[in-house]
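Protein chains: 2
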Amino acid sequence: MPPPPPISNSIRRLRFDHDEMTQQQLADLIGMTRQTVAAIEQNKYSPSLEAAFRIAEVFGVEIGDVFQWKKSGA
Amino acid sequence: MPPPPPISNSIRRLRFDHDEMTQQQLADLIGMTRQTVAAIEQNKYSPSLEAAFRIAEVFGVEIGDVFQWKKSGA
DNA sequence: TACGCATGTTAGAAATTCTTGACATAACGT
DNA sequence: ACGTTATGTCAAGAATTTCTAACATGCGTA
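The structure is reproduced here in C-alpha cells:
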C-alpha cells in the first residue's frame, strides 16, 4: 500500500452538487472505472494530470477547485 | 514508446521568463531529475498531478497556465 | 425476504511515470 | 585546444496509477 498522497480533493461534494452524480456516472464521463474513481475520491492515490483535467472539465471548474495540494516544505 | 499525451505545456517559456532558469534548477526546485524535466518539457509524457502542482507553484501560476489540455471528443 | 443500486475493498496484472547512469552535441569562455 | 555548462537521448528498472474481476455492506422498496 503506497502512502497517501499530499493531495486532497472535493470530488464527493462536486458529485453531490451535480445532481448527486454517482461514481459510476463520473467514471463513464471521464473514461475510467468506478473503482478508480472511488480510490481517487478516498485519496488512495492521486490521479494522472490527464485524469485531473477530465474530472475538472466534467464539473466545469479549474483543477485547483477539485484537488488541493498541501505543500510540504517550510 | 508510449504515444504522446494530449497535453502540451509552457515550461520552456516559463523557465525563460524566470531569469532563464535551467532544467537542472527547475528539477532541483521540484525534487525531480533533469531528465524527467526534459522529458515532460518535450511532451514525452505528462507529469503526475503532484509534479504539476509543484511546477505551477515554482512559477507562481495555475496548473492551467503551465499545461494545456486538448480535449479529444466531438 | 428478495432484489437492485451505490459504495467499499482486495488481489493481480497492465500501463504509465520517474530515476539512475551513461553518452552525445552545441555553445561559451579561457 | 580545453574545460564547463545546458540540453538531448537511451536503456533498465523502480515506483505509481489504472484496470479487471471479484466479494462485501447498507439502503430502499416491492
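Those sequence lines, one after another, are chains A and B.
First residue of the first sequence? That's 0 in numbering that gives the first Met the number 0, and the numbers climb one at a time after it.
First residue of the second sequence? That's 0 in numbering that gives the first Met the number 0, and the numbers climb one at a time after it.
Using N, Cα and C, we set each Cβ at its ideal position, and we do this for glycine too.
Inset, instruction - Spatial neighbours of I39 of chain A within its chain, please: CB distance less than 6 Å, with the 5 preceding and 5 following residues excluded, ordered by chain position. - result: By 1-based counting over the first sequence, the position of residue 39 of chain A is 40. Taken in chain order, the residues that qualify are P46.
Legend entry - Partners in chain A for K70 of chain B, counting only beta-carbon separations shorter than 9 Å: Within the second sequence, numbered from 1, the residue matching residue 70 of chain B stands at position 71. Residues of chain A whose Cβ lies closer than 9 Å to the Cβ of K70 of chain B are, in chain order, F52, R53 and E56.
Inset, instruction - Note down the Cα distance separating D18 of chain B from G30 of chain B, rounded to an integer number of angstroms. - result: Taking the first residue of the second sequence as 1, we reach residue 18 of chain B at position 19. Taking the first residue of the second sequence as 1, we reach residue 30 of chain B at position 31. Straight-line Cα distance between these residues: approximately 20 Å.
Inset, instruction - Give every residue of the same chain whose Cβ lies closer than 8 Å to the Cβ of E61 of chain B, excluding the five residues on either side of it in the sequence, and list them in chain order. - result: Position 62 of the second sequence holds residue 61 of chain B. Once the five neighbours on either side are set aside, the close Cβ partners of E61 of chain B are A55.
Inset, instruction - Leaving aside the five residues before and after Y44 of chain B along the sequence, list all residues of the same chain whose C-beta is less than 7 Å from its C-beta, in chain order. - result: Taking the first residue of the second sequence as 1, we reach residue 44 of chain B at position 45. These residues qualify, in order along the chain: P1, P4 and A38.
Legend entry - Beta carbon proximity, S9 of chain B to chain A, threshold 7 Å: To locate residue 9 of chain B, count along the second sequence from 1; it is residue 10. Not closer than 7 Å to any Cβ of chain A, the Cβ of S9 of chain B fails to qualify, so no.
Inset, instruction - Using a Cβ cut-off of 8 Å, pull out every chain B residue sitting near G63 of chain A, in sequence order please. - result: Counted from its first residue, the first sequence places residue 63 of chain A at position 64. Near G63 of chain A (Cβ distances below 8 Å), the residues of chain B are E61 and I62.
Inset, instruction - For Q41 of chain B, name the three-state secondary structure that DSSP assigns. - result: Along the second sequence, read from residue 1 onward, the residue named residue 41 of chain B stands at position 42. Coil at Q41 of chain B, not helix or strand.
Legend entry - Straight-line Cα distance separating I10 of chain A from A73 of chain B: Translated into positions along the second sequence, residue 73 of chain B becomes position 74. Translated into positions along the first sequence, residue 10 of chain A becomes position 11. Caution is warranted here: a pLDDT of 44 is assigned to A73 of chain B, below 50, making its placement in the model unreliable, and no coordinate value can be reported.
Legend entry - Minimum Cβ-Cβ distance from P46 of chain B to chain A less than 7 Å: Reading the second sequence from its first residue, position 47 is the one you call residue 46 of chain B. Output row for P46 of chain B: interface = yes.
Inset, instruction - Mark R12 of chain A as exposed unless 16 or more other C-beta atoms lie within 10 angstroms of its C-beta, in which case mark it buried. - result: Residue 12 of chain A sits at position 13 when you count from the first residue of the first sequence. Per the 10 Å Cβ criterion, exposed.
Legend entry - R33 of chain A to A26 of chain A span [Cα, whole Å]: On the first sequence, residue 33 of chain A is found 34 positions in, with the first residue counted as 1. On the first sequence, residue 26 of chain A is found 27 positions in, with the first residue counted as 1. R33 of chain A and A26 of chain A: Cα-Cα distance of roughly 5 Å.
Legend entry - Top-ranked residue by Cα proximity to V36 of chain A, from A:L28, A:N8, A:Q67 and A:Q22: For the purposes of this step, residue 36 of chain A is identified with residue 37 of the first sequence, where counting begins at 1. For the residues A:L28, A:N8, A:Q67 and A:Q22, the minimum Cα distance to V36 of chain A belongs to A:Q22.
Inset, instruction - Compare the C-beta of E49 of chain B with all C-beta atoms of chain A and state if any pair is closer than 7 Å. - result: Within the second sequence, the letter at position 50 stands for residue 49 of chain B. By this cut-off, E49 of chain B is an interface position.
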